[in-house]
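See structure below.
2 protein chains.
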Amino acid sequence: MSSKNIGIKDVATAAGVSVTTVSHVLNEVPHARVSPETRNKVRSAAEQLGYGPNRLAQALRRQRTGILGVVIEDVATTPHTGRIILGADDAAKARGYNLMVINTSSSASLESREADVKALLDRRVDGILYAPACLRNVELPGIAAGVPAVLVNGVAEGATVPAVMPDEASGARAAVQALLEAGHTRIGFVKATGDAPSASRRFQGFLAALAEAGLDGGAAPVESGAAGVQGGYEAGRRILAPEDRADLPTALFCHNDLMAMGAYRAAAELGLAIPGDLSIVGFGDQDLIATSLQPSLTTVAPPYYGMAAWAAGQLIDAVEGTVGPASTAQAPTLLDCTLVRRDSVAVPRP
Amino acid sequence: MSSKNIGIKDVATAAGVSVTTVSHVLNEVPHARVSPETRNKVRSAAEQLGYGPNRLAQALRRQRTGILGVVIEDVATTPHTGRIILGADDAAKARGYNLMVINTSSSASLESREADVKALLDRRVDGILYAPACLRNVELPGIAAGVPAVLVNGVAEGATVPAVMPDEASGARAAVQALLEAGHTRIGFVKATGDAPSASRRFQGFLAALAEAGLDGGAAPVESGAAGVQGGYEAGRRILAPEDRADLPTALFCHNDLMAMGAYRAAAELGLAIPGDLSIVGFGDQDLIATSLQPSLTTVAPPYYGMAAWAAGQLIDAVEGTVGPASTAQAPTLLDCTLVRRDSVAVPRP
DNA sequence: TTGAAAGCGCTAACAG
DNA sequence: CTGTTAGCGCTTTCAA
Numbered sequence: 005m006s007s008k009n010i011g012i013k014d015v016a017t018a019a020g021v022s023v024t025t026v027s028h029v030l031n032e033v034p035h036a037r038v039s040p041e042t043r044n045k046v047r048s049a050a051e052q053l054g055y056g057p058n059r060l061a062q063a064l065r066r067q068r069t070g071i072l073g074v075v076i077e078d079v080a081t082t083p084h085t086g087r088i089i090l091g092a093d094d095a096a097k098a099r100g101y102n103l104m105v106i107n108t109s110s111s112a113s114l115e116s117r118e119a120d121v122k123a124l125l126d127r128r129v130d131g132i133l134y135a136p137a138c139l140r141n142v143e144l145p146g147i148a149a150g151v152p153a154v155l156v157n158g159v160a161e162g163a164t165v166p167a168v169m170p171d172e173a174s175g176a177r178a179a180v181q182a183l184l185e186a187g188h189t190r191i192g193f194v195k196a197t198g199d200a201p202s203a204s205r206r207f208q209g210f211l212a213a214l215a216e217a218g219l220d221g222g223a224a225p226v227e228s229g230a231a232g233v234q235g236g237y238e239a240g241r242r243i244l245a246p247e248d249r250a251d252l253p254t255a256l257f258c259h260n261d262l263m264a265m266g267a268y269r270a271a272a273e274l275g276l277a278i279p280g281d282l283s284i285v286g287f288g289d290q291d292l293i294a295t296s297l298q299p300s301l302t303t304v305a306p307p308y309y310g311m312a313a314w315a316a317g318q319l320i321d322a323v324e325g326t327v328g329p330a331s332t333a334q335a336p337t338l339l340d341c342t343l344v345r346r347d348s349v350a351v352p353r354p
Numbered sequence: 005m006s007s008k009n010i011g012i013k014d015v016a017t018a019a020g021v022s023v024t025t026v027s028h029v030l031n032e033v034p035h036a037r038v039s040p041e042t043r044n045k046v047r048s049a050a051e052q053l054g055y056g057p058n059r060l061a062q063a064l065r066r067q068r069t070g071i072l073g074v075v076i077e078d079v080a081t082t083p084h085t086g087r088i089i090l091g092a093d094d095a096a097k098a099r100g101y102n103l104m105v106i107n108t109s110s111s112a113s114l115e116s117r118e119a120d121v122k123a124l125l126d127r128r129v130d131g132i133l134y135a136p137a138c139l140r141n142v143e144l145p146g147i148a149a150g151v152p153a154v155l156v157n158g159v160a161e162g163a164t165v166p167a168v169m170p171d172e173a174s175g176a177r178a179a180v181q182a183l184l185e186a187g188h189t190r191i192g193f194v195k196a197t198g199d200a201p202s203a204s205r206r207f208q209g210f211l212a213a214l215a216e217a218g219l220d221g222g223a224a225p226v227e228s229g230a231a232g233v234q235g236g237y238e239a240g241r242r243i244l245a246p247e248d249r250a251d252l253p254t255a256l257f258c259h260n261d262l263m264a265m266g267a268y269r270a271a272a273e274l275g276l277a278i279p280g281d282l283s284i285v286g287f288g289d290q291d292l293i294a295t296s297l298q299p300s301l302t303t304v305a306p307p308y309y310g311m312a313a314w315a316a317g318q319l320i321d322a323v324e325g326t327v328g329p330a331s332t333a334q335a336p337t338l339l340d341c342t343l344v345r346r347d348s349v350a351v352p353r354p
């Protein structure tokens, strides 16, 4: 149906006007004064011919492609790439842009990642959205070449590029607050070992929420494990089977959904029903996991969609000059996580 | 580092030759006879200036963009999009192509999906890879406009477009064979309700494998449930708690990983250890699920990566005229599934 | 063996 | 109010 061979020229002759006029009306050029009749003639001619602009030629002429490059590390193994692409695509589409997506390997050499970026640059993308595999400090391939770039879910080494990240501390706080609101006062934390920033940010949020409620965070049961199902199971067992059963927490906040899954198993083995005997909140909103668990898991959802949409918006603003270099904020922008309430939280047993 | 403002012209003056010559050597034009010295001059000049071709201008001139359009239905909620993008990207990159990815909604009107395709067509993509949300009969938006298209993991209504699909029957057969090899003879099937083609194809594979082994498929315990965790649980309970305990199967093949997850729970409740008392094989290889279960789940992996790579290759072949319209095969191409062996299968108790 | 020149389809001065 | 024209950066006849 669309375009194929008819160009602006064909529309022009069909409408009996010049190409200029066609270009003017089709692009709604501000200062071009064209009579309404002519406008209609052009419009209907274009319609009838099924004209679609050749975005390639447009881009060449305007020095702007309307394409955003999206570099995704390990696209196949990162569970949230879909949400990032969707967020970026929605934001892009809304402003007439499209996405050129390219995979890159987080483990590959910097040169190889540089080549991936170069491919995008040769295509003259208007901006680049870089999505690291995990929230970490990225050694960013030289995006020098004058196109704006934004980092989604990570920070750049040396903060050379604006970045968006989830506000994990506030997300963790929201999770704990939900537990507090349900009436829990003895809340345990299943922590991830290692010094990943995420681990401590979520823990800080946990402590902050407790402190705000006038509870002693220092007394809360906290155990660590590897950031997976097994680690969650082990940490969960340690918390749930203490020397003194009276100390048993009535709720657990887990570093991530996988660890929450492990905690479920620990609880099951110890004869604790969820949420009857024990409420659990996770972090990450890996839907497959969260909705498959029984009961389904209440968890904190990082704003992948929102971060990507924000990033795409920033890029477009920068391209279109809507905003100056002020956007090159030094500190990463933090976006709120949202608590997804499912069935793993209930009021504690009296 | 890359390109920016230097064009072929700059390289030409720097090398003291004409643009024609530069174009000839940089593109390694077959019939162009250029002296080796000139070649070197050009090459080094290009290198020094950090020249990169403007793919836009190239495309306009050559009438070929080197871009493959990838339309993905519900990109955010389809667990395998990552693998599809990776497969297509690897295949594309290998031949100098890139991917323009656009999300579309499987539930939206045909017009809205048509608009998404049109955006790609306006960009003059060389081919379109369409990936439906699930393996179903797709009402494909008119891709008439002369660009080749391939359907990945679905079939087109009226078979207007070549398609690739997983060979589910053979995948199911491989799963059951693994169970047979381990020594199982009483194998149950956890089926998905509904008349989805997948459900019956996997069931057919199950029966075929049994028949090949000389076993009576008709006598095998088969129960159905909704294609999720709960359905798997319910069907699992029915199979595992029969009137006559002697009939208990020693292994279960499940329609998908989610149902397998439900079967795990059913087994646990009935005091059956996996894989000691009961072996289980799933289908789908949703890594988050399969690797998170305890024990990790042996499952059949559909060739998402391979299908996308195959599709991209087909498109490029078609574009480059390597292949005639012969590729417009009527029957969908079937690609083998692979069995991913993990820890949920063992030899049966004697 | 190399170069001049004509476009690919479109936009944006600049004239009328 | 509308039309002429010169490119955007590159490829590709055709001539030298």
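Which chain is which? The protein sequence lines are B and D, in order. Here the working numbering is used: the first residue of the first sequence is 5, the next is one more, and so on. Here the working numbering is used: the first residue of the second sequence is 5, the next is one more, and so on. Here a beta-carbon is modelled for each residue, glycine too, at the ideal position from N, C-alpha and C.
Minimum length 3: unbroken beta strand (DSSP E) runs contained in the stretch 105-184 of chain D: 131-135, 153-156, 167-171
CB contact check: B:Leu144 to chain D, cutoff 7 angstroms: If you number the first sequence from 1, residue 144 of chain B lands on position 140. Closer than 7 angstroms: no.
Beta-carbon separation (whole angstroms), B:Gly266 vs B:Gly288, contact threshold 8 angstroms: By 1-based counting over the first sequence, the position of residue 266 of chain B is 262. By 1-based counting over the first sequence, the position of residue 288 of chain B is 284. 13 angstroms between Cβ atoms; not a contact.
Every unbroken alpha helix (DSSP H) within the stretch 24-55 of chain B, with a cutoff of 4 residues, ordered by chain: 40-53
Integer Cβ distance of D:Leu183 from D:Val285, believed to fall under 8 angstroms: By 1-based counting over the second sequence, the position of residue 183 of chain D is 179. By 1-based counting over the second sequence, the position of residue 285 of chain D is 281. Yes, D:Leu183 and D:Val285 are in contact; Cβ-Cβ is about 6 angstroms, under 8 angstroms.
Neighbour-count burial assignment, B:Gly229, 16 or more Cβ in a 10 Å radius: Reading the first sequence from its first residue, position 225 is the one you call residue 229 of chain B. So B:Gly229 counts as buried.
Candidates D:Ser204, D:Asp321, D:Asp78: closest to D:Ala137 by CA position: Residue mapping note: residue 137 of chain D aligns to position 133 of the second sequence, counting from 1. Nearest of D:Ser204, D:Asp321, D:Asp78 to D:Ala137, Cα basis: D:Asp78.
Alpha carbon of D:Ala61 to alpha carbon of D:Leu343, nearest angstrom: On the second sequence, residue 61 of chain D is found 57 positions in, with the first residue counted as 1. On the second sequence, residue 343 of chain D is found 339 positions in, with the first residue counted as 1. The straight-line gap from Cα to Cα measures roughly 46 angstroms.
DSSP three-state assignment for B:Ala255, whether helix, strand or coil: On the first sequence, position 251 is the one that residue 255 of chain B refers to. Here B:Ala255 sits in strand by DSSP.
Enclosing alpha helix (DSSP H) for D:Gly310 [first to last residue]: In the second sequence, the residue the question calls residue 310 of chain D occupies position 306. Its alpha helix (DSSP H) spans residues 308-323.
For D:Asp340, the three-state DSSP class (helix, strand or coil): The sequence position of residue 340 of chain D within the second sequence is 336, counting from 1. Correct three-state label for D:Asp340: strand.
Partners in chain D for B:Ile293, counting only beta-carbon separations shorter than 7 angstroms: Translated into the one-based positions of the first sequence, residue 293 of chain B becomes position 289. Per Cβ cutoff of 7 angstroms: Leu292, Ser296.
Exposure label - D:Val351; buried when at least 16 CB within 10 Å: Against the second sequence, residue 351 of chain D aligns to sequence position 347. Classification of D:Val351: exposed, given that the 10 Å Cβ count is below 16.
Cβ of B:Ser331 within 7 angstroms of any chain D Cβ: Looking up residue 331 of chain B in the first sequence gives position 327. At B:Ser331, the pLDDT of 48 sits below 50, so the modelled position is not reliable; the number obtained from the coordinates is stated separately. Judged by the 7 angstroms Cβ criterion, B:Ser331 is not in contact with chain D.
D:Thr295 - DSSP class collapsed to helix/strand/coil: Against the second sequence, residue 295 of chain D aligns to sequence position 291. Helix, per DSSP.
B:Ala224 versus B:Cys258: straight-line alpha-carbon distance, rounded: Here residue 224 of chain B refers to the residue found at position 220 when the first sequence is read from its first residue. Here residue 258 of chain B refers to the residue found at position 254 when the first sequence is read from its first residue. Distance between the alpha carbons of B:Ala224 and B:Cys258: 13 angstroms.
Status (buried if at least 16 other CB within 10 Å, exposed otherwise) for D:His84: Translated into positions along the second sequence, residue 84 of chain D becomes position 80. That one is buried.
Strand pairing of D:Thr303, partner residues [DSSP]: Here residue 303 of chain D is taken as the residue at index 299 of the second sequence, counted from 1. BP columns for D:Thr303 point to D:Gly286, D:Val344.
Closer than 9 angstroms at the beta carbon, the chain B residues around D:Arg269: As a working note, residue 269 of chain D is residue 265 in the second sequence. What D:Arg269 touches in chain B: Gln298.
Partners in chain D for B:Pro83, counting only beta-carbon separations shorter than 9 angstroms: Your numbering for residue 83 of chain B matches position 79 in the first sequence. Here the neighbours are Pro83, Gly86, Asp291, Leu292.
Sheet register partners of D:Ser228 (DSSP bridge): Your numbering for residue 228 of chain D matches position 224 in the second sequence. Beta-bridge pairing links D:Ser228 to D:Lys195.
Top-ranked residue by Cα proximity to D:Ala167, from D:Val304, D:Ala315, D:Glu41, D:Ala98: Within the second sequence, residue 167 of chain D is the residue found at index 163, counting from 1. Ranking D:Val304, D:Ala315, D:Glu41, D:Ala98 by Cα distance to D:Ala167 puts D:Ala315 first.
Selection of the stretch 100-113 of chain D by Cβ proximity to chain B, strictly under 8 angstroms: Asn102, Leu103, Met104, Val105, Ile106, Asn107
Expected contact under 8 angstroms - CB spacing of D:Gly240 and D:Leu214 to nearest Å: Translated into positions along the second sequence, residue 240 of chain D becomes position 236. Translated into positions along the second sequence, residue 214 of chain D becomes position 210. With a Cβ gap of about 19 angstroms, D:Gly240 and D:Leu214 do not count as contacting.
Cutoff 7 angstroms: B:Ala63 Cβ touching any chain D Cβ: Here residue 63 of chain B is taken as the residue at index 59 of the first sequence, counted from 1. By this cut-off, B:Ala63 is an interface position.
Counted within 10 angstroms of its Cβ, other Cβ atoms place D:Asp251 as buried (16 or more) or exposed: Along the second sequence, read from residue 1 onward, the residue named residue 251 of chain D stands at position 247. Per the 10 Å Cβ criterion, exposed.
Close-in-space but distant-in-sequence residues of the same chain around B:Ala203 (CB under 7 angstroms, 5 per side omitted): Your numbering for residue 203 of chain B matches position 199 in the first sequence. Closer than 7 angstroms at Cβ, skipping near neighbours: Lys195, Ala196, His259.
Extent of the continuous beta strand (DSSP E) to which B:Thr90 belongs: Here the question's residue 90 of chain B lines up with position 86 in the first sequence. In the sequence as presented, Thr is not what sits at residue 90 of chain B; that position holds Leu. Careful: B:Leu90 lies outside any beta strand (DSSP E), inside the alpha helix (DSSP H) at 85-98.
Cross-chain neighbours of D:Val79 in chain B, by beta carbon under 9 angstroms: Start at 1 with the first residue of the second sequence, and residue 79 of chain D comes out as number 75. Within 9 angstroms Cβ-Cβ: Thr85, Gly86, Arg87, Ile89, Leu90, Asp93.
Exposure of D:Asn9, with buried meaning 16 or more beta-carbon neighbours within 10 Å: Residue numbering aside, residue 9 of chain D sits at position 5 when the second sequence is read from its first letter. It counts as exposed.
Strand pairing of D:Ile71, partner residues [DSSP]: Residue mapping note: residue 71 of chain D aligns to position 67 of the second sequence, counting from 1. Answer is D:Asn102.
Buried/exposed call for D:His35, threshold 16 Cβ in 10 Å: For the purposes of this step, residue 35 of chain D is taken as the residue at position 31 of the second sequence. When all chains shown are included, D:His35 counts as exposed.
Interface flag, D:Val154 vs chain B, CB-CB below 7 angstroms: Position 150 of the second sequence, counted from the start, is the residue given in the question as residue 154 of chain D. So no, D:Val154 is outside the interface.
Members of the stretch 208-233 of chain B that neighbour chain D once the beta carbon cut-off is set at 9 angstroms: Gly232, Val233
Distance cut-off 6 angstroms: D:Glu185 Cβ against heavy atoms of the ligand GDP: Because no ligand of any kind appears in the structure shown, any question about the ligand GDP cannot be addressed here.
Contact set between D:Thr69 and chain B, taken where Cβ atoms lie within less than 8 angstroms: Sequence index remark: in the second sequence, residue 69 of chain D carries index 65 (1-based). Correct list: Leu60.
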